[in-house]
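Participant: Sharing a structure here in structure tokens format.
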Amino acid sequence: MQELARIQIDASPEAVFDLLADNTRRGEWAEGMETFDYTSDFDPDNPVGTTFTQRIREGGRITEYHGEITVYDPPNAYGSQVTGGSYSMVVEYHLTPANGGTQVVNVCDVDSSSRFVRIMGFLFRWFTRYLGRKQLRKLKELVEAA
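The working numbering applies: residue 2 is where the sequence shown begins, and numbers increase by one.
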């Protein structure tokens, strides 16, 4: 997996994880998130395997993605696999206590069946890193304001 972003948040790993894993609040920090809906039963004690649909505004259009929660290890890690358009992506967040707060590392692995997307991968990676950093800054702002 490729690291997208890393940030230090002045809050406990538990506080960071609680907001990060609360998909009902994802739109507060995830750029372009329009809707997030579970498409299978959600067990808050063990959500691994729970499926969902999310709609994200990308430029002037809304793209629908289908996903599944793949990692749930409070307060250490959270992740999902998302498919939509011409690619699939595995996204994980790893939380570590550090300097009286929490270090959050966002990693991602993107796979595409589109030759065009593979060729343009370097631009896509740049944009994905930019978006990852922006989202973590917003997550930091929300957690530290709580």
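Ideal placement from N, C-alpha and C gives every residue a C-beta, glycine not left out.
By a C-beta neighbour count over all protein chains shown, 10 Å radius and 16 as the cutoff for buried, is F18 buried or exposed?
Facilitator: Along the sequence shown, read from residue 1 onward, the residue named residue 18 stands at position 17. By the 10 Å Cβ count, F18 comes out buried.
Participant: Any chance the segment 133-141 sits against the segment 37-50, with 3 or more Cβ pairs inside 8 angstroms?
Facilitator: No, because fewer than three Cβ pairs between the segment 133-141 and the segment 37-50 fall closer than 8 angstroms, the two stretches do not touch.
Participant: Rounded to a whole number of angstroms, what is the C-alpha to C-alpha distance between V106 and V92?
Facilitator: Reading the sequence shown from its first residue, position 105 is the one you call residue 106. Reading the sequence shown from its first residue, position 91 is the one you call residue 92. Their Cα atoms are separated by approximately 11 angstroms.
Participant: Under 8 angstroms, with one C-beta from each stretch per pair, do the segment 25-36 and the segment 51-58 reach the 3-pair mark?
Facilitator: Yes, since at least three Cβ pairs between the segment 25-36 and the segment 51-58 fall closer than 8 angstroms, the two stretches touch.
Participant: Whole beta strand (DSSP E) runs in the segment 22-109 with 3 or more residues, listed along the chain?
Facilitator: Within the segment 22-109, the complete beta strand (DSSP E) runs of at least 3 residues are 34-39, 52-59, 62-74, 78-85, 88-99.
Participant: Taking Cβ positions, are Y94 and L21 nearer each other than 8 angstroms?
Facilitator: In the sequence shown, the residue the question calls residue 94 occupies position 93. In the sequence shown, the residue the question calls residue 21 occupies position 20. Contact: yes.
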